[in-house]
Amino acid sequence: MKFAIALFSPPHSPSSRRALRFSEALLSGGHDIIRIFFYQDGVYNASANIVMSQDECDLTNEWREFIKQHRLDGVVCIAAALRRGILDEQEVQRHNRPTSTPNLSEGWSLSGLGQFHEAAQQADRLICFGGH
Amino acid sequence: MATLHLVSHSPFTDSRLASCLRLLDSDDALLLMGDAVYALCNGTSFREELESLAASISVFALTEDLQARDLTQTLPIRVKSIGYPEFVKLSCHYLRINSWL
């Protein structure tokens with residue numbers, strides 16, 4: 134079955150961890166993830182600048198590895214990302230922020246809400262994770 | 118249309134679960150996760166309400182969240198503790214998944 138996943142919460146939220154565990158179980162169960170859309174505070178999961186204590190779960194790293202390993206379509210809402218200071222090379226140039234370093238993790242793309250809508254239309258199921 | 122409802126907020130801090138319970142259809146299912154599993158604490162009105170739901174409504178709780186709150190030993194008979202593989206199966210079985218964000 135084809136799944137679209139949306140994540141609305143930051144990496145330190147239990148629901149972000151739950152979304153990742155669910156996504157792993159989906160692939161283990163033989164299902165497809167057509168897109169993972171990161172929206173609102175969920176965009177922080179795509180930041181390359183999050184640093185966790187060594188004794189804590191490093192969810193941004195886990196997401197990065199998961200998306201890379203399975204070649205998934207990880208899309209980050211561009212408007213939500215820009216207002217939270219998450220920029221790729223192109224946005225650093227476009228908005229003339231010479232002191233900023235691009236901090237969108239490798240393997241993700243910034244795009245619009247239309248990508249969320251399209252994924253919801255194409256998938257058999259849409260599941261959203263957020264809140265606590 | 119049969120819907121799987123996901124609730125992760127404690128019922129004692131907001132009205133998400135209360136609203137969800139009012140809207141449950143006869144063939145819907147409810148999956149409690151995170152702090153929402155506190156609804157299963159002994160002696161609470163939410164536990165009573167969950168126990169008195171129509172038998173056609175299935176109620177589940179995520180095992181890891183029950184374990185983290187020491188609630189595995191006191192589950193009502195009608196509530197099934199499930200892991201992520203079962204969570205995936207439920208999301209395929211029900212036509213819609215409604216997250217109470």
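These protein sequence lines are chains X and H, in that order.
In this text, residue positions in the first sequence follow my numbering: the first is 134, and each later residue adds one.
In this text, residue positions in the second sequence follow my numbering: the first is 118, and each later residue adds one.
Ideal Cβ placement from N, Cα and C applies to all residues, glycine included.
- Taking 7 Å as the CB threshold, A158 (chain X) lines the interface with chain H.
- Ranked by how close their Cα comes to the Cα of S136 (chain H), the residues H:F163, H:D144, H:P202 have H:F163 in first place.
- Interface annotation, R258 (chain X): in contact with chain H, CB-CB separation under 7 Å.
- Using a Cβ-Cβ cut-off of 7 Å, C210 (chain X) does not count as an interface residue toward chain H, since no Cβ of chain H sits closer than that to its own.
- Here N178 (chain X) is near F171 (chain X), since their CB atoms are less than 7 Å apart.
- When DSSP reads this structure, C210 (chain X) sits in a beta bridge with X:S244.
- Legend: CB atoms of the stretch 187-212 of chain H lying less than 7 Å from CB atoms of chain X belong to residues Y201, P202, F204, V205, S208, C209.
- Scanning its chain for C-beta atoms nearer than 8 Å, with the 5 sequence neighbours on each side dropped, one finds around S143 (chain H) the residues A171, S173, I174, in chain order.
- Taking a C-beta distance under 7 Å as the contact criterion, E222 (chain X) and P235 (chain X) qualify as a contact pair.
- Straight through space, the alpha carbons of S142 (chain X) and H250 (chain X) are spaced by roughly 19 Å.
- Note on E181 (chain H): 16 or more other CB atoms within 10 angstroms of its CB, so buried under the neighbour-count rule.
- Burial is judged here by how many other beta carbons sit within 10 angstroms of a residue's own beta carbon; R168 (chain X) has at least 16 and is buried.
- If you look at A172 (chain H), you'll find it isn't in any beta strand (DSSP E); DSSP assigns it neither H nor E.
- Within the model, the alpha-carbon separation for L246 (chain X) versus F136 (chain X) is close to 17 Å.
- If you draw a straight line from the Cα of S148 (chain X) to the Cα of L123 (chain H), it is about 11 Å long.
- For D145 (chain H), no Cβ of chain X is located within less than 7 Å of the residue's own Cβ.
- Beta bridge pairing from DSSP links T120 (chain H) with H:R213.
- In this structure, the alpha-carbon of L138 (chain H) lies about 16 Å from that of M118 (chain H).
- Setting aside the 5 residues that flank it on each side, D165 (chain X) is surrounded in the same chain by K135, each with a C-beta closer than 6 Å to its C-beta; the list follows chain order.
- Contact annotation: in the stretch 173-187 of chain X, no residue has its CB less than 9 Å from a CB in chain H.
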